[in-house]
Structures are given as C-alpha cells and as structure tokens.
Amino acid sequence: MTPIHVAKFGGTSMADADAIQACVQVVEQTQNPTLVVVSACAGVTNLLIRLADSQTSVEKQRLFTEIKDKHNGIARATTAAEVCLQQLDELHQQLWQVVDSEIPSSLAERARRRDQIVSFGERCSSLLFSFFWRHHHDDASVVDARSFLQTNDRYGQAEPDFVQTANLCKALGERLQAGEKLVTQGFIGTCPQGYTTTLGRGGSDYSAALFAAALQAERLNIWTDVAGIYTTDPRVCDDARPLQEISFAEAAELATFGAKVLHPKSLKPAIEHGIDVFVGHSRKPQLGGTLVSAKPQQRPSIRAIALRRNQTLLTVNSVDMLHATGFLARLFDILARYDISVDLVTTSEVSIALTLDEEGSQANGQSLLPAAMLEELSAFAKVNIEQGLTLVAVIGNDIGHFGDISPKVLESASPATIRMICQGASRHNLCFLVADDDADNIVKKLHAKL
Numbered sequence: 001m002t003p004i005h006v007a008k009f010g011g012t013s014m015a016d017a018d019a020i021q022a023c024v025q026v027v028e029q030t031q032n033p034t035l036v037v038v039s040a041c042a043g044v045t046n047l048l049i050r051l052a053d054s055q056t057s058v059e060k061q062r063l064f065t066e067i068k069d070k071h072n073g074i075a076r077a078t079t080a081a082e083v084c085l086q087q088l089d090e091l092h093q094q095l096w097q098v099v100d101s102e103i104p105s106s107l108a109e110r111a112r113r114r115d116q117i118v119s120f121g122e123r124c125s126s127l128l129f130s131f132f133w134r135h136h137h138d139d140a141s142v143v144d145a146r147s148f149l150q151t152n153d154r155y156g157q158a159e160p161d162f163v164q165t166a167n168l169c170k171a172l173g174e175r176l177q178a179g180e181k182l183v184t185q186g187f188i189g190t191c192p193q194g195y196t197t198t199l200g201r202g203g204s205d206y207s208a209a210l211f212a213a214a215l216q217a218e219r220l221n222i223w224t225d226v227a228g229i230y231t232t233d234p235r236v237c238d239d240a241r242p243l244q245e246i247s248f249a250e251a252a253e254l255a256t257f258g259a260k261v262l263h264p265k266s267l268k269p270a271i272e273h274g275i276d277v278f279v280g281h282s283r284k285p286q287l288g289g290t291l292v293s294a295k296p297q298q299r300p301s302i303r304a305i306a307l308r309r310n311q312t313l314l315t316v317n318s319v320d321m322l323h324a325t326g327f328l329a330r331l332f333d334i335l336a337r338y339d340i341s342v343d344l345v346t347t348s349e350v351s352i353a354l355t356l357d358e359e360g361s362q363a364n365g366q367s368l369l370p371a372a373m374l375e376e377l378s379a380f381a382k383v384n385i386e387q388g389l390t391l392v393a394v395i396g397n398d399i400g401h402f403g404d405i406s407p408k409v410l411e412s413a414s415p416a417t418i419r420m421i422c423q424g425a426s427r428h429n430l431c432f433l434v435a436d437d438d439a440d441n442i443v444k445k446l447h448a449k450l
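Numbering (full-length UniProt numbering), first residue to last: 1 to 450.
Written as structure tokens, this is what we have:
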C-alpha cells in the first residue's frame, strides 16, 4: 500500500476562490493517497460565534447574510456553481433553523448549541473545496468528520476518543487506498450522545493530526499563510527567518508559548505515532517550509523565540503557606472547580504566582477570573491580579546547561521589569513575563543576541 498523507488547510488558505484553487493545486502535486482536512473560510468562525450569541432578530439576520454571501461568492467561481450553490443553500437553511430557535437557559445546552452553529463553517468550506477539486476529479467528495472523529461531551473543548476514532478510520483508509478523493472538516466531532462537538479554537490542526494518527499516515502537511516556522514572529522582528527543521519537542514548546503556526495540541498525536509534520505556504509552496520530526539533523542550543500576549498574572499570598502542607492543593482545587487552566507557576515561601491560559479557561464562554472564584481565594489569602503582560519564551535544547544564555536573556530584557521567570521544568525553554509595551523591543534584542 502507498503511504497515506493528510493535508490540512487553514482559514487563510480557504479565504476565497483563488486561495482554494491554490490549495487544490498543492494536493494535486502529491502522488500519495491524501485526506484533505479544511478549516472554515477566513473570518467565518468569528461570525458564527457572534451569530450564536446574538439576541436580536436584526443582528442574527445581518450576520447570517454576511456568512451566506461569503460562501456563495466563492461557490460562483466553481465549475458546477449551480449545484454547489444548491447544496450550500441546504446547509445554510439547517444553520438558520438552529440560529432561529430559542436560546436554551442552561449553560450546558447553550454550549452544545454553540458547537452546532460553529460547525457549519467547516461543513460549508469542505463542500466548497470538493467542488473546486472536481475540476480535476469528478468524484471528489466530502466525508463528514463527525462520522469518524469521536469525542467526549465537553462542548467547546472536546477531547477525542482515539481508540474509537482509529477503528472508524479503517474504512476511511481503505477508501483512500482505493483512489477516492476525499475532503473532511477539521475542528468538529461527535460525542456519545450523538451531538456535534468542537475541539476548541485552532482545533483543525489537532483534527488533522488525529486523522493522520488514526490512518497511520506517513506525513501530515499543514498548509498555511507562512513558509514554515520562523525563528520568531516576523511581524515583530525583520530578521526572523524560516527554519528548515525542528524537533517535536521544540515545536511543541513554540506552539505552547504563542507561535501561531501550530496549535499546541496538534503535535501530540504526531509525536506519539512518529508522524513527520511539514509546515508550508499554500499559495507559495515553492518557498519550501519547516519539517518537524523526532530526529532533526541539528539540535542547536537556541532554536527560536516565541511570545504570547495578553497574559494574566495571578499572585496569591498567605502566611499560611509557611512550612504548611495542603495549601497548593487547596488553591488548585478551587481553580479546577472553576475550570481555570494554569500555564506557568512560581512559588516562594508565602506566595504563589500563576499565569492563566486564556484560551483554555474561556473555551465555554466564561470569565477568565470569575468573581465567585476570587471571593473563595480571598477568604484565605491576599489576591493580586496583573494584566497587560506578554510571555517571552526562548526555545532550544538543554538550555539550562549553557551558562551564557541566562545572562544574555536578562541583558536583553533590561531595563524592563521582569514579573516572572521560569527555567528548569523543561530543558527546551526559558521564559519570562514582561509588560506588553516592552515585549517587542526585548524580542528584537534577544533575536540579535542569540
């Protein structure tokens, strides 16, 4: 059997008719059986979220029309526009039925309704991709990801059931080996109760990696709007350059600490199953890209610098911590009950400082810092909240074993105030927290120094 590939195209690659045609050309260049996984067209997911939260008929109709017009505009450029528009209209009617229904009173039912509404972005974009692909293959067709990707019922941030997904994907693999041209949706799945779920923002990469692992694919190609993973954000530093290769561990650190090319979860299935990941530019594939693998040829001490903005620092201070047991357990129990995701942690004898993961904590539309949670914490400790911060992370290999790196980092950060610094928990990163206004200048100085 010919090794299977999975090709994932993000929202910017699905932005308009020209972009989708470029994606089809990319897929046509490979000789391997390829499952195509697509995100919603650029901007549509945000519109759908606003549509799900709309309270007035006028606002609902305006947003629905904007979404519909965007899809229909792309459909008119296909070779079978009339058929494509008809099938799109059926999806849009289903979407409107959900949107026009009464908003449930319970939070769980609202989250379930939101996932159902948001799923239409990928369901429409996959249909559009299939019609452009039919210019080359009349039999190109859509398969519903919800028939294969099984998850739990944590709406907005669903976790996959990989064993069940892998079993269901056996038939999908057989179809690909038989020569079928198949496109499916990223981001969405189905829970045991049969309802539509989503994997969280950026979850299309995760979906693609799950499909790649379930299909025992040789390679996962992630096509986006940049020519690979850069040494740092090129919008911040003009000297940033694309990396030819990077290890799984380094890429996972970069994704976790703010590099937007890869979703933090997306690499896990690939790492676990030894699947190489290639990141390239869908409109400019000739520029090459970055290969993420288990064993890159080189492992430099410093590979790249990442930054993640809009960080919240929560500091909890209590003399009860001094020589006491159970304090941290009590603190994290409260955070867990309010579904707050924690990133970094530093402690002293009487204080603990934490950065909060905004994306993970707000997946279900709740506040990052619920008033009730702060009230519970304030009952036994002094609580301080700082916002407007940026996390800067230096990514590489065995960073703690090179004595000249930490001084260079501190020199580059001077004279800015460092609010938190973490090193030692991972051999692949050294990270610190500074004010948003200082971050860009620090990254430029660090990039030049390292």
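No residue lacks a Cβ here, since even glycine has one placed at the ideal position from N, Cα and C. Keep in mind that this is a model prediction, so the values were computed, not measured.
S207: beta carbon under 8 Å from a heavy atom of the ligand NAD?
As for the ligand NAD, it is missing from this structure, which has no ligand bound.
If you count every other CB in all the chains shown that lies within 10 Å of the CB of P3, and 16 or more means buried, which is it?
In the sequence shown, the residue the question calls residue 3 occupies position 3. That one is exposed.
One or two residues paired with N152 in a DSSP bridge:
Within the sequence shown, the letter at position 152 stands for residue 152. None, per the DSSP bridge assignment.
Contact check, R283 vs G396, beta carbons under 9 Å:
Translated into the one-based positions of the sequence shown, residue 283 becomes position 283. Translated into the one-based positions of the sequence shown, residue 396 becomes position 396. Result no, Cβ atoms of R283 and G396 do not sit closer than 9 Å.
Candidates Q157, Q177 and Q94: closest to G189 by CA position
By one-based count along the sequence shown, residue 189 stands at place 189. When each option's Cα is compared against that of G189, the closest is Q157.
Is E174 buried or exposed, if buried means 16 or more other CB atoms sit within 10 Å of its CB?
Counting from one through the sequence shown, the residue named residue 174 turns up at place 174. Under this definition E174 is an exposed residue.
Integer-rounded CB distance, given that S147 should sit under 8 Å from E38:
Stepping through the sequence shown from its first residue, residue 38 is reached at position 38. Stepping through the sequence shown from its first residue, residue 147 is reached at position 147. The sequence given here has Val at residue 38, not Glu. Going by Cβ atoms, the distance from V38 to S147 rounds to 16 Å, so no, they are not a contact pair.
Can you list the beta strand (DSSP E) stretches of 3 or more residues lying completely in the UniProt domain "ACT" (316 to 388), in chain order?
342 to 347 and 351 to 356
Backbone secondary structure at N72 - three-state DSSP
By 1-based counting over the sequence shown, the position of residue 72 is 72. Three-state result, N72: helix.
What span of residues does the alpha helix (DSSP H) with T256 cover, start to end?
On the sequence shown, position 256 is the one that residue 256 refers to. Taken as a continuous stretch (DSSP letters only), the alpha helix (DSSP H) holding T256 covers F248 to T256.
Which of the three DSSP states, helix, strand or coil, is assigned to G203?
For the purposes of this step, residue 203 is taken as the residue at position 203 of the sequence shown. Three-state result, G203: helix.
Measure the C-alpha to C-alpha separation of A249 and D276 and round it to an integer number of angstroms.
Here residue 249 refers to the residue found at position 249 when the sequence shown is read from its first residue. Here residue 276 refers to the residue found at position 276 when the sequence shown is read from its first residue. Each residue's Cα considered, the two are about 13 Å apart.
Beta-carbon contacts of D377 that lie in its chain and below 8 Å, excluding the five residues immediately before and after
The residue given as residue 377 occupies position 377 in the sequence shown. Per the sequence shown, the amino acid found at residue 377 is Leu instead of Asp. Here the set comprises V316, L331, I334 and V383.
Among the residues of its own chain, which have a CB less than 6 Å from the CB of A17, if the five just before and after it don't count?
Looking up residue 17 in the sequence shown gives position 17. Only I74 and A77 meet the Cβ criterion.
Residues near L322 in its chain [Cβ-Cβ closer than 8 Å; skip 5 each side]:
For this step, residue 322 is matched to residue 322 along the sequence shown. Around L322: E349 and V350.
Span separating the alpha-carbon of A255 from that of H5
Reading the sequence shown from its first residue, position 255 is the one you call residue 255. Reading the sequence shown from its first residue, position 5 is the one you call residue 5. Approximately 22 Å between the Cα atoms of the pair.
Measuring only the C-alpha atoms, how far is A140 from E180?
For the purposes of this step, residue 140 is taken as residue 140 along the sequence shown, with counting starting at 1. For the purposes of this step, residue 180 is taken as residue 180 along the sequence shown, with counting starting at 1. Distance between the alpha carbons of A140 and E180 is about 7 Å.
For H137, which residues of its own chain have a beta-carbon under 6 Å away from its beta-carbon, when the five flanking residues on both sides are left out?
Here the question's residue 137 lines up with position 137 in the sequence shown. Excluding positions up to five away in sequence, the list reads K181.
Using three-state DSSP, classify V143 as helix, strand or coil.
In the sequence shown, counting from the first residue as 1, residue 143 sits at position 143. The answer is coil: DSSP assigns V143 none of H, G, I, E or B.
Within its chain, find whatever has a CB closer than 6 Å to the CB of N364; leave out the 5 residues flanking it on each side and keep chain order.
Locating residue 364 in the sequence shown gives position 364, counting from the first residue. Confidence in N364 is poor, its pLDDT being 46 and thus under 50, which makes the residue's placement too unreliable to answer from.
Those residues which DSSP pairs with S293 across a bridge:
Position 293 of the sequence shown, counted from the start, is the residue given in the question as residue 293. In the DSSP output, where bridge partners are listed per residue, S293 has S247.
Can you check which of these residues, V143, G200 and C191, is closest to N152 by C-alpha distance?
Against the sequence shown, residue 152 aligns to sequence position 152. Ranking the options by Cα distance to N152, first place goes to C191.
Rounded C-alpha distance that separates I271 from Y230
The residue labelled residue 271 in the question sits at position 271 within the sequence shown. The residue labelled residue 230 in the question sits at position 230 within the sequence shown. The straight-line gap from Cα to Cα measures roughly 20 Å.
Based on Cα-Cα distance, which residue from T12, I305 and L354 lies nearest to L328?
For the purposes of this step, residue 328 is taken as the residue at position 328 of the sequence shown. Minimum Cα distance to L328 is reached at L354.
Cutoff 7 Å; reference F132; Cβ partners in own chain excluding five residues on either side
Translated into the one-based positions of the sequence shown, residue 132 becomes position 132. Correct list, in chain order: I20, Q21, V24 and T78.
Counting along the chain, where does the beta strand (DSSP E) carrying L220 start and finish?
The sequence position of residue 220 within the sequence shown is 220, counting from 1. Start and end: R219 to T224.
Just to confirm my understanding: we take S361, look at its own chain, exclude 5 residues before and 5 after, and list those with CB closer than 7 Å. What are they?
For the purposes of this step, residue 361 is taken as residue 361 along the sequence shown, with counting starting at 1. Here S361 scores only 49 on pLDDT, less than 50, and its place in the model is too uncertain to base an answer on.
May I ask you to report which of helix, strand or coil DSSP gives R112?
Position 112 of the sequence shown, counted from the start, is the residue given in the question as residue 112. Of the three classes helix, strand and coil, the one that applies to R112 here is helix, per DSSP.
If you check the beta carbons only, do T197 and R235 fall under 9 Å apart?
Here residue 197 corresponds to residue number 197 of the sequence shown, with the count starting at 1. Here residue 235 corresponds to residue number 235 of the sequence shown, with the count starting at 1. No, the Cβ-Cβ distance between T197 and R235 is not below 9 Å.
What's the C-alpha gap between H281 and G10?
Numbered from its first residue, the sequence shown carries residue 281 at position 281. Numbered from its first residue, the sequence shown carries residue 10 at position 10. Between H281 and G10, the C-alpha separation is close to 10 Å.
CB contact flag (V443, C124, <9 Å):
Here residue 443 refers to the residue found at position 443 of the sequence shown. Here residue 124 refers to the residue found at position 124 of the sequence shown. The answer is no: Cβ separation not under 9 Å.
Which residue from A413, F120, L243 and V83 puts its Cα closest to that of V434?
The count along the sequence shown starts at 1 and reaches residue 434 at position 434. Cα-wise, what sits closest to V434 is A413.
On a CA-only basis, which of Q97, L149, I399 and E82 is nearest C422? Give me that one, please.
Counted from its first residue, the sequence shown places residue 422 at position 422. The candidate whose alpha carbon is nearest that of C422 is I399.
Of the residues S119, L291 and V394, the one placed nearest V261, counting alpha carbons only:
Position 261 of the sequence shown, counted from the start, is the residue given in the question as residue 261. Per the Cα distances, L291.
Shortest alpha-carbon distance to A209 belongs to which of D436, K8 and R427?
Your numbering for residue 209 matches position 209 in the sequence shown. Among D436, K8 and R427, the Cα nearest to that of A209 is on K8.
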